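The listed protein sequences derive, respectively, from chains F, L and Y. Heads up, the first sequence is in my numbering, so the first residue is 1 and it goes up one at a time. Heads up, the second sequence is in my numbering, so the first residue is 1001 and it goes up one at a time. Heads up, the third sequence is in my numbering, so the first residue is 2001 and it goes up one at a time.
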Amino acid sequence: MSLLRRDQSGPHLTITLDDPQRRNALSADMVAEIDAALDDSRARGFASLTIAGANGIFSAGADLKSLSAGLAQSPASGEADPLRDQNRAAGQFFARLNAHPAPTIAVVDGAAVGGGMGLACCADIVIATQRARFALAETSLGIPPAQIAPYLVARLGERHTRRLALTGARIDGREAAAIGLADFYCDTDDERDATLASLLKQIGRCAPGANAATKRLIQACRDGATPAYIEDAARSFASCLRGPEGREGVAAFIEKRAPNWAERKS
Amino acid sequence: MSLLRRDQSGPHLTITLDDPQRRNALSADMVAEIDAALDDSRARGFASLTIAGANGIFSAGADLKSLSAGLAQSPASGEADPLRDQNRAAGQFFARLNAHPAPTIAVVDGAAVGGGMGLACCADIVIATQRARFALAETSLGIPPAQIAPYLVARLGERHTRRLALTGARIDGREAAAIGLADFYCDTDDERDATLASLLKQIGRCAPGANAATKRLIQACRDGATPAYIEDAARSFASCLRGPEGREGVAAFIEKRAPNWAERKS
Amino acid sequence: MSLLRRDQSGPHLTITLDDPQRRNALSADMVAEIDAALDDSRARGFASLTIAGANGIFSAGADLKSLSAGLAQSPASGEADPLRDQNRAAGQFFARLNAHPAPTIAVVDGAAVGGGMGLACCADIVIATQRARFALAETSLGIPPAQIAPYLVARLGERHTRRLALTGARIDGREAAAIGLADFYCDTDDERDATLASLLKQIGRCAPGANAATKRLIQACRDGATPAYIEDAARSFASCLRGPEGREGVAAFIEKRAPNWAERKS
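What follows is the structure in structure tokens.
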């Protein structure tokens, strides 16, 4: 029994977290299934990856029963702590999702709590609905939102991250859009579906290889336009331009036609 | 005669700058008193620290008469410049305030100019009222907002910081909330008090040690989720989870009760 | 025939891109002329530099015909790739503009596409009108917005940069102001002119040397208030304060008069 549904529509892949018993928590099994979907998306060159949640929930975040079980056993001195290993593995998973080469969209149509909110923040674009509920509940449980902090800061800035993490405040979809946690707020299911369809159409016009290079560069330019960044950027630019996508894109522009990647049905 | 009033309410500490003659400026004496309050807050483990200003002012920033007196004396060649030493000390003070382990709230209910605006930006949460007035007046005096720039950028981003610092524009509480300089705008005293009370209640539900770890991690993740950050985060997470707060927090969640730190009256 | 008009008004310089045939593209010739204007602005100590576009366009960005011509010739193995050299040179140009010591204002009163949008993001302040149109069209041409990414991230944050770059979404002036791409949205020409005049008046009250120091420090504090930054800031602060601007500014403040730089007609 899979915890994840996969749906393909033209060049676009959607994965839907579906583990009602654990409220779509990021259990080890769930993470393994998302990872497999990421690998598949990368191998088959999907143009985008959309992440949604079934059962009226996006994701409840960490699997608390598993943490509680881990607490019952203390590692012997000198032994690795399984809770620390588990948290490090979660951090490496978020980093892989954040670096996924295709554009990613999170459709938050229910609760996104703790690591579930972190999951949304790893996406390039976030859509929130009237059913969305976000909260960084970690500190009310006595633990820090440790592995997701980098993605919260990248999306929200230090300011909102500090406030939300230190107060555990709950916010709805409308407030999420107001503070930039969501890019779009949708009042109805129709609006949500139309917003997603429009984004997929826009992404379909962009070259997949150029989008992958762009995602990498946006994260590489964190220290500003240093000489090393400028050189990296020039190499990446020339490589894309001289590759099949750049040649086709520039030719299509001059010939006033759509480039070949935009012909794919979406 | 103290330049600072201290008020305690349950686990929450409030300090009120009260130096009418210098408009609550960050004079050496004022900084020493705030530092003493920070030390006390840390030693006694307050759950939060609120900073306010008396006399209808938040803080006028640098003590200009002291700068003027310093200008009257030029250091001999090879001697340390007292103005430079004084500015470095101010920078170290802002860094201490910014790194204070407990959540900090600035209630800006009057003018917050130059270093006074920097003081507010070092807080985790800023409340602005209809009496709030902000301005980076430094460059109109021929000097840069040097030591506060990092906190302005962390709160406002580079964009607003550049604009406000290079124009000296004055903005009110409503505009401050619109550009993210304030998290909350309050039209009336009642609204201000209710907003603060609600924040303190939320903070009271969060574990103090987890909040301290969270503040540190949010600042440590500036370079993104590097392998070193992921390791640091995993160590901090496991240490909080295996400590008394994590054990209590997870147990309370599973037993559907409030954790012991949330029982403290606030 | 120049591709650039220069207009001086008191201490303020305006350059207007005027190359109708290439839609004010950042051709090698255009970049050379902007660079010459930057050098002149620096040498003559203008208080501000405003960048506008003629012909109802801000700038179309990269010169696509020149890229297409470059594509027709492949460099021999071991030879430098002229397309890469050209892109590196563009990156170095954007870095020079971003680091220009005087405050810069972009008045976007038409299309600002790709590198043209990057040009606007290098400015300290952006004014957008009802005719403004922004788009990161690069990935729809098969290439990444490589050299402008650092300036997009500095202005828009990672979140909006990812979305706009990966979708190629077109946005108007009102949306640009809503997401922080523009600081001001102006509905009419009168409003645009009044906004610009008000900004120039504010900048005129700020000391030029202090503004230059401020621009440098805002970019130097990217890693936060490290000990090295605090030292750099203290040195810069003391140097400005002991220089002619600081002495004049503090004296003027205490004597309740305008400082001498503010007397210049603007």
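Cβ atoms here follow ideal geometry from the backbone N, Cα and C, with glycine treated the same way. Computed from a predicted structure; not experimentally measured.
With 16 other Cβ atoms within 10 Å as the buried cut-off, status of residue i
{"i": "I1254(L)", "result": "exposed"}
{"i": "S2(F)", "result": "exposed"}
{"i": "A1138(L)", "result": "Per the sequence shown, the amino acid found at residue 1138(L) is Glu instead of Ala. With 16 or more other Cβ atoms within 10 Å, it is buried."}
{"i": "A2076(Y)", "result": "exposed"}
{"i": "A212(F)", "result": "buried"}
{"i": "R1005(L)", "result": "exposed"}
{"i": "D1223(L)", "result": "exposed"}
{"i": "S41(F)", "result": "buried"}
{"i": "R162(F)", "result": "buried"}
{"i": "E1079(L)", "result": "exposed"}
{"i": "S74(F)", "result": "exposed"}
{"i": "T188(F)", "result": "exposed"}
{"i": "G1045(L)", "result": "exposed"}
{"i": "A1225(L)", "result": "buried"}
{"i": "P208(F)", "result": "buried"}
Residue i and residue j closer than 9 angstroms at C-beta
{"i": "A1099(L)", "j": "L1119(L)", "result": "no"}
{"i": "G1056(L)", "j": "D1109(L)", "result": "yes"}
{"i": "A2025(Y)", "j": "D2019(Y)", "result": "yes"}
{"i": "Q2147(Y)", "j": "F237(F)", "result": "yes"}
{"i": "L1064(L)", "j": "L1083(L)", "result": "no"}
{"i": "P1101(L)", "j": "L2217(Y)", "result": "no"}
{"i": "R1096(L)", "j": "L1038(L)", "result": "yes"}
{"i": "V1126(L)", "j": "A1176(L)", "result": "yes"}
{"i": "A2047(Y)", "j": "A2111(Y)", "result": "no"}
{"i": "R1247(L)", "j": "L71(F)", "result": "yes"}
{"i": "R2170(Y)", "j": "Y2185(Y)", "result": "no"}
{"i": "C2221(Y)", "j": "A1062(L)", "result": "no"}
{"i": "R1088(L)", "j": "A2233(Y)", "result": "yes"}
{"i": "D81(F)", "j": "R1242(L)", "result": "yes"}
Straight-line gap, residue i to residue j (C-alpha atoms, nearest Å)
{"i": "A69(F)", "j": "A1251(L)", "result": "11 angstroms"}
{"i": "R2131(Y)", "j": "A2228(Y)", "result": "45 angstroms"}
{"i": "S266(F)", "j": "L49(F)", "result": "Below a pLDDT of 50, predicted positions are generally treated as unreliable, and S266(F), at 45, falls in that range; no measurement from the model is reported."}
{"i": "C206(F)", "j": "Q2086(Y)", "result": "23 angstroms"}
{"i": "N260(F)", "j": "A123(F)", "result": "27 angstroms"}
{"i": "V2153(Y)", "j": "A2258(Y)", "result": "37 angstroms"}
{"i": "G168(F)", "j": "P1103(L)", "result": "12 angstroms"}
{"i": "L2136(Y)", "j": "A1210(L)", "result": "41 angstroms"}
{"i": "A2090(Y)", "j": "G204(F)", "result": "28 angstroms"}
{"i": "I2179(Y)", "j": "A2165(Y)", "result": "14 angstroms"}
{"i": "D1190(L)", "j": "K1201(L)", "result": "16 angstroms"}
{"i": "T1129(L)", "j": "Q2092(Y)", "result": "44 angstroms"}
{"i": "C1121(L)", "j": "I1051(L)", "result": "11 angstroms"}
{"i": "Q2008(Y)", "j": "D2193(Y)", "result": "15 angstroms"}
{"i": "G157(F)", "j": "K2215(Y)", "result": "21 angstroms"}
{"i": "A2262(Y)", "j": "G2249(Y)", "result": "10 angstroms"}
{"i": "G1010(L)", "j": "L1199(L)", "result": "14 angstroms"}
{"i": "Y2151(Y)", "j": "F1134(L)", "result": "26 angstroms"}
{"i": "D1183(L)", "j": "T1016(L)", "result": "20 angstroms"}
{"i": "G2053(Y)", "j": "G2116(Y)", "result": "10 angstroms"}
Where residue i meets chain F, residues with beta-carbon distance less than 7 angstroms
{"i": "Y1229(L)", "result": "P150"}
{"i": "P2144(Y)", "result": "A210, A213, T214, L217, S236, F237, C240"}
{"i": "Q1202(L)", "result": "T167, G168, A169"}
{"i": "V2153(Y)", "result": "I218, C221"}
Partners in chain F for residue i, counting only beta-carbon separations shorter than 8 angstroms
{"i": "R2023(Y)", "result": "The premise fails here: R2023(Y) is roughly 13 angstroms from chain F at the closest Cβ pair, so nothing lies under 8 angstroms."}
{"i": "I1254(L)", "result": "L64, K65, S68"}
Contact list for residue i against chain F, beta-carbon separation under 9 angstroms
{"i": "V1273(L)", "result": "Since the first residue of chain L shown is 1001 and the last is 1266, residue 1273(L) is not available in this structure."}
{"i": "R1205(L)", "result": "T139, S140, T167, G168"}
Chain-ordered neighbours of residue i on chain L, where CB pairs are closer than 9 angstroms
{"i": "C2186(Y)", "result": "Those within 9 angstroms of C2186(Y) in chain L number zero; the least Cβ separation is about 15 angstroms."}
{"i": "T226(F)", "result": "Simply none; closest approach about 13 angstroms."}
Where residue i meets chain Y, residues with beta-carbon distance less than 7 angstroms
{"i": "E1079(L)", "result": "Near E1079(L) there are no residues of chain Y at all, since even the closest Cβ is about 13 angstroms away, more than 7 angstroms."}
Cross-chain neighbours of residue i in chain Y, by beta carbon under 8 angstroms
{"i": "E1138(L)", "result": "A2210, T2214"}
Neighbouring residues, chain C, relative to residue i (Cβ below 7 angstroms)
{"i": "G1157(L)", "result": "In summary, chain C is missing from the structure at hand, where the protein chains are F, L and Y."}
Task: Where the stretch 121-132 of chain F meets chain Y: residues whose CB sits under 7 angstroms from a CB there - done: D124, I125
Task: Interfacial residues, the stretch 88-102 of chain F to chain L, with Cβ spacing under 8 angstroms - done: R88, G91, Q92, F94, A95, N98
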